[in-house]
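FYI, UniProt numbering numbers position 126 of the sequence shown as 126, with every residue one higher than the one before it.
One structure is given below, encoded as structure tokens.
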Amino acid sequence: MLEDRFLKRLSKKARKGLRGWPIATIAFYGPNLSQATKVAVGIVPSENAAVEELRDWKVERGDVRADPGIAREILEFIEEHQARSVVMTDGIIGCPHQQGIDYEGEWCPVCEFWHGRDRFTGQRVQ
């Protein structure tokens with residue numbers, strides 16, 4: 001999926017590991033484990049600090065990970081905040097909707113796939 005030069009650059013930055021602060025965190029969210037419809041990027045300025053800046057991008061169709069325009073905007077966001085390190089999730093870590101903002105209750109009514117699943121592993125919880 002990471003074919004475009006911006007996407008490759010983003011992936012390469014994440015593979016470099018910890019190179020100092022600030023750190024950009026990149027997390028993908030979607031209605032299931034194979035389609036990411038949202039990406040959130042946070043900037044953590046220093047160790048033990050909370051996220052200082054947060055931005056997200058969404059797509060209505062397709063996969064946000066395959067959108068070179070969004071990858072370019074993410075790179076610009078990271079460079080604008082002078083992040084020295086990038087941490088990126090390997091996969092999708094949950095529903096793209098936010099509890100308390102997009103829905104009330106324990107489970108998102110739109111993303112049936114995630115009902116009863118661990119958001120980090122995608123496995124059913126007992």
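Here a beta-carbon is modelled for each residue, glycine too, at the ideal position from N, C-alpha and C.
The model shown is predicted, which means the values in this text are computed figures rather than measured ones.
heavy atom of the ligand PLP below 6 Å from residue i C-beta
i, result
"A40", "Absent from the structure shown: the ligand PLP. Ligands present: none."
Under 7 Å between C-beta atoms of residue i and residue j
i, j, result
"W21", "V39", "no"
"I78", "A27", "no"
"D118", "V110", "no"
"R19", "V41", "no"
"V64", "T89", "no"
"I93", "L33", "no"
Buried versus exposed call for residue i [16 or more other C-beta atoms within 10 Å across all chains shown]
i, result
"residue 145", "No statement about residue 145 is possible, as the shown extent of the chain runs from 1 to 126 and does not include it."
"E3", "At E3 the pLDDT is 49, less than 50, meaning the model places this residue with poor confidence; the figure from the coordinates comes in the next sentence. Label assigned to E3: exposed."
"M1", "Confidence at M1 is low in this model, with a pLDDT of 46, below 50, so the placement of that residue should be treated as unreliable; the coordinate-derived value is given next. Burial call: exposed."
"A50", "exposed"
"I101", "exposed"
"K13", "buried"
"G30", "buried"
Host alpha helix (DSSP H) of residue i (start-end)
i, result
"E79", "P68 to E80"
"S11", "R5 to R15"
Any 3 or more C-beta pairs closer than 8 Å across the segment 61–69 and the segment 99–119: With the cut-off at 8 Å, the segment 61–69 and the segment 99–119 do not touch.
Sequence ranges, beta strand (DSSP E) only - wholly within the segment 23–67, length at least 3: 23–29, 38–44 and 53–58
Within the segment 77–114, ranges of the beta strand (DSSP E) (whole runs, at least 3 residues): Restricted to the segment 77–114, the beta strand (DSSP E) segments that are unbroken, complete and at least 3 residues in length are 85–92, listed in chain order.
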